[in-house]
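Data first, discussion second: the structure below is written as structure tokens.
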Amino acid sequence: MFAKIIINYFAIELLIVHEVDCRDKFPCKFYSSCVCVYTKNNLLSVDYAGKNITVIPLFSGNVENVSLANNRIQSVENGVFKYNLHLLYLDLSENKIYQLASESFQGLFNLQTLIINNNNISSTVSPSNVVFEPLVSLRYLDMKNNSNNCIAFNISFLTNLQTLKIDFVDGETYFDTEYKALRNLTNLDLSGYSGRCLMKILTPGTFEYFPYVQFLDLSKYRINVIYRGTFKHLRHLEFLDLSDNRCLKFTGCINIKYDLPSTSIKVLRLNKIHQTFALNTELFKCHIQNLRETKITEIHLDSNRLQLVKQGALSMLPKTLKKLSIADNQFT
Numbered sequence: 430m431f432a433k434i435i436i437n438y439f440a441i442e443l444l445i446v447h448e449v450d451c452r453d454k455f456p457c458k459f460y461s462s463c464v465c466v467y468t469k470n471n472l473l474s475v476d477y478a479g480k481n482i483t484v485i486p487l488f489s490g491n492v493e494n495v496s497l498a499n500n501r502i503q504s505v506e507n508g509v510f511k512y513n514l515h516l517l518y519l520d521l522s523e524n525k526i527y528q529l530a531s532e533s534f535q536g537l538f539n540l541q542t543l544i545i546n547n548n549n550i551s552s553t554v555s556p557s558n559v560v561f562e563p564l565v566s567l568r569y570l571d572m573k574n575n576s577n578n579c580i581a582f583n584i585s586f587l588t589n590l591q592t593l594k595i596d597f598v599d600g601e602t603y604f605d606t607e608y609k610a611l612r613n614l615t616n617l618d619l620s621g622y623s624g625r626c627l628m629k630i631l632t633p634g635t636f637e638y639f640p641y642v643q644f645l646d647l648s649k650y651r652i653n654v655i656y657r658g659t660f661k662h663l664r665h666l667e668f669l670d671l672s673d674n675r676c677l678k679f680t681g682c683i684n685i686k687y688d689l690p691s692t693s694i695k696v697l698r699l700n701k702i703h704q705t706f707a708l709n710t711e712l713f714k715c716h717i718q719n720l721r722e723t724k725i726t727e728i729h730l731d732s733n734r735l736q737l738v739k740q741g742a743l744s745m746l747p748k749t750l751k752k753l754s755i756a757d758n759q760f761t
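The numbering of the sequence shown is this note's numbering, which starts it at 430 and goes up by one.
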């Protein structure tokens, strides 16, 4: 079962890999400085990454994949992709983009993957309500590490979206109702490792509009408090990562033990949820009680200054458990 989870997870991630065949690469006819290769669909995959360009060029209509990563592009102009109806994959990461126009993605009705992380995009200088409207086929969106209010963009049009990687730092404790439209969303990445994320308090309303999420990454999210009921309605949840929320501690995770039996949880990651130089910790029965009512196969408790597991605590673990990781602790 766990192998199936991992396969499903990477199947989602592999959406960002644009397949090409083994034909030779060659300079693109329309721009000799970029590299082209034919895909299996006899369309072009264009590599224009790291060329120090400042403006997105117009591409021919037979392009399937485009990488414009690691350039100095500042904006995505209206209609720049309007002739690229066959485009499936677009990478605009690692640029200096601060503005998206209302028709930046006009014509990209078939686009499946959009990577636009590590820019300076802000909804205050972009038409946040309509910019993503044409992307009706999008399945993978990575907007991590942009401006603090990138969450304000309306993505309710993206009803086929499966993977969402986004920042959340506006101080609220919940996501707006527009996310209710994302019925195919199964992978939600809010990790602070790859973006700007801050939500100190999690409540039953925080993920109310993500009932179909299977993989939830909240690592390094600066969480202080998790209220009982936060995860209870996530019936399909299989993977939960709360690692590196160092103010959380074992006591701050007590409430999740009441919620997880109502989910489909298989993997629970609680690595480094204590301060590095804090006093050594002990694991009590009350910390993991109710977990035996789940079907968890993996629990990770690495780097928690754990010195002692109290008698009877291990009896709280589920019979389905196959892996318990407790590396980098303080056992004597």
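Glycine included, each C-beta is placed from N, C-alpha and C at the ideal position.
Rounded to whole angstroms, SER576 and TYR622 show a C-alpha spacing of 16 angstroms. In this structure, ASN539 lies away from MET572, with their beta-carbon atoms at least 8 angstroms apart. In this structure, LEU614 keeps its C-beta atom at 8 angstroms or more from the C-beta atom of ASN653. Bounds of the alpha helix (DSSP H) holding THR680 are 678-681.
If you draw a straight line from the Cα of ALA610 to the Cα of ASN494, it comes to about 27 angstroms. CYS465 carries a strand assignment under DSSP once its states are collapsed to helix, strand and coil. If you look at HIS729, you'll find it in the beta strand (DSSP E) that goes 727-729. Less than 8 angstroms separates the beta-carbon of THR635 from that of TYR603. For CYS626, the pairing in a beta bridge is given by DSSP as PHE597.
When the beta-carbon positions are compared, LEU617 and SER648 stay at least 8 angstroms from each other. Every alpha helix (DSSP H) stretch that sits fully inside the stretch 656-720 and reaches 4 residues is listed by chain position as 678-681, 685-688 and 714-717.
If you ignore the 5 residues before and after LEU689, its C-beta comes within less than 6 angstroms of the C-beta of THR723, all in its own chain and listed in chain order. The continuous beta strand (DSSP E) containing ASN616 extends over residues 616-618.
CA-to-CA, the gap between GLN591 and SER522 works out to about 19 angstroms. Assigned with DSSP and collapsed to three states, LEU743 falls in helix. Its chain contains ASP571, LYS573 and ASP618 as the residues whose beta carbon lies nearer than 6 angstroms to that of LYS594, once the 5 sequence neighbours on both sides are disregarded; these appear in chain order. Residue environment analysis places ASN674 among the buried positions, since at least 16 neighbouring C-beta atoms fall within 10 angstroms of its C-beta.
Note on geometry: alpha-carbon atoms of THR692 and SER496 lie some 38 angstroms from one another.
When Cβ pairs closer than 8 angstroms are counted between the two stretches, the stretch 470-481 is seen not to touch the stretch 506-513, the count staying below three. For ASP476, the uninterrupted beta strand (DSSP E) run begins and ends at 473-476, by DSSP. By a beta-carbon distance limit of 8 angstroms, LEU543 contacts LEU564. Their separation comes to about 7 angstroms.
Counting every other CB atom within 10 Å of its CB across the protein chains shown gives THR468 a total of 16 or more, marking it as buried. Scanning the stretch 500-546 from its first residue to its last, the whole beta strand (DSSP E) runs of 3-plus residues come out as 518-520 and 542-544.
Non-local beta-carbon contacts of ASP520 in its own chain, meaning distances under 6 angstroms to residues more than five positions away in sequence, involve SER496, ALA498 and ILE544 in chain order. When the alpha-carbon of SER461 is set against those of PRO486, ASN470 and TYR569, the nearest one is in PRO486. Taking all protein chains shown into account, ARG501 has fewer than 16 neighbouring C-beta atoms within 10 Å of its C-beta and is therefore exposed. In this structure, DSSP gives LYS609 a helical state, which the three-state scheme calls helix. Annotation for VAL565: no beta strand (DSSP E) segment contains it, and DSSP assigns it neither H nor E. Residue GLU637 holds the alpha-carbon nearest to the alpha-carbon of ARG664 among PHE679, VAL560, LEU735 and GLU637. In the three-state DSSP reduction, GLU722 falls in the helix class (H, G or I). About 5 angstroms separates the beta carbon of LYS752 from that of GLU727, a gap short enough to meet the 8 angstroms contact definition.
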